[in-house]
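For the sequence shown, our numbering begins at 439 and goes up steadily by one. Note that the Cβ used here is the ideal one computed from N, Cα and C, for glycine as well. Computed from a predicted model, the values in this text were never measured in an experiment. Heads up, the thing below is written out as structure tokens.
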Amino acid sequence: MVINARDAMPNGGKLTLETANVELDESFAQTHLATLPGSYVMLAVSDTGLGMDEETQAHIFEPFFTTKELGKGTGLGLSMVYGIVKQSGGYVWVHSEIGKGSTFKVYLPRVFEHEQEIASPFPAPTALLGKETILLVEDDPLVRELALEILKTRGYCVLVADRPDAAIQLCRQHSGKIHLVLTDVIMPGMNGSQMVDEIAAMRPGISVLFMSGYTDTKTI
């Protein structure tokens, strides 16, 4: 949500994060469809950017819906936010006006009981380290940098590509063995599955691991 708020202010603006413990009462539940009254933690993300019309607001939580130009976003960000919030028993609401900006409010049920730590009867596992070569393919720079840092700290040699065609070119140019392709599924120009088909033709038997917030198994 913060990234979307940033992108909604191409000429700069004000980004506000707010948290609060709130009580949603019966009157709130009556004016907000399918909402249960109770105690919630509220997280709000506001911007003073472009804003959205009612038609756009009606579709923003749909998978692949995006107002960004081709190659600048997959349209999965807000649908993933919506899915995570709903799975957690919460709600997400948006208020937006053209030329004034947008506010997204997430409500998650409060938990009052303290969780008790249970000692495991098994010894703590030792960190697994590797030395193999991994081809990392991810168009989202934040996810890509995080995955790269994790893999490097585990000792792996990492080849990095920010799009499928660059990954295919890396496979052609790299003279050594590539032990694993770690790739996103939905990317501009070509999806991960199509890219893997081309890589497998060059390197038969190569191992592949898909990583994605996208849940449509028909694509894989």
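Where does residue i fall in DSSP's three states?
i: Asn442; result: helix
i: Phe560; result: coil
i: Asp577; result: coil
i: Asp485; result: strand
i: Ala472; result: coil
i: Ser631; result: helix
i: Glu583; result: helix
i: Glu492; result: helix
i: Tyr520; result: helix
i: Pro602; result: helix
i: Lys543; result: strand
i: Glu461; result: strand
i: Phe648; result: strand
i: Met640; result: helix
i: Leu608; result: helix
i: Ile588; result: helix
Just the Cα atoms here: how many angstroms apart are residue i and residue j?
i: Asp578; j: Phe560; result: 37 Å
i: Trp531; j: Pro626; result: 29 Å
i: Ser465; j: Val619; result: 52 Å
i: Gly528; j: Leu586; result: 32 Å
i: Gly537; j: Gln495; result: 14 Å
i: Ile637; j: Gly643; result: 10 Å
i: Thr454; j: Met447; result: 12 Å
i: Lys615; j: Thr571; result: 7 Å
i: Val623; j: Gly630; result: 4 Å
i: Gly511; j: Phe648; result: Note on Gly511: pLDDT 47, under 50, position unreliable in the model; no value is reported.
i: Val596; j: Lys590; result: 7 Å
i: Arg610; j: Ser650; result: 25 Å
i: Val440; j: Ser645; result: 35 Å
i: Lys569; j: Pro501; result: 37 Å
i: Leu659; j: Leu584; result: With the chain running from 439 to 658 in the structure shown, residue 659 is simply not present.
i: Phe542; j: Ala458; result: 14 Å
i: Val460; j: Ala467; result: 13 Å
i: Leu608; j: Arg601; result: 11 Å
i: Val519; j: Val634; result: 28 Å
i: Glu551; j: Gly476; result: 15 Å
i: Gly515; j: Arg582; result: 15 Å
i: Gly617; j: Ser517; result: Here residue 617 turns out to be His, not Gly, going by the sequence shown. Cα to Cα, His617 sits roughly 33 Å from Ser517.
Write down the C-beta distance between residue i and residue j rounded to the nearest angstrom, noting that I regard them as a contact closer than 8 Å.
i: Val523; j: Val544; result: 6 Å
i: Ser540; j: Met490; result: 6 Å
i: Leu580; j: Ala599; result: Actually they do not touch by this definition, with Cβ atoms about 16 Å apart.
i: Glu661; j: Ala472; result: Only positions 439 to 658 of the chain appear in this structure, which leaves residue 661 out of reach.
i: Asp603; j: Met640; result: Actually they are not in contact, since the Cβ atoms of Asp603 and Met640 sit about 13 Å apart, beyond 8 Å.
i: Asp485; j: Gly451; result: 6 Å
i: Pro547; j: Tyr478; result: 6 Å
Taking buried to mean at least 16 other C-beta atoms within 10 Å of its own C-beta, is residue i buried or exposed?
i: Asn442; result: buried
i: Asp463; result: exposed
i: Ala660; result: With the chain running from 439 to 658 in the structure shown, residue 660 is simply not present.
i: Ser613; result: exposed
i: Gly487; result: buried
i: Thr621; result: buried
i: Glu535; result: exposed
i: Glu555; result: exposed
i: Glu576; result: buried
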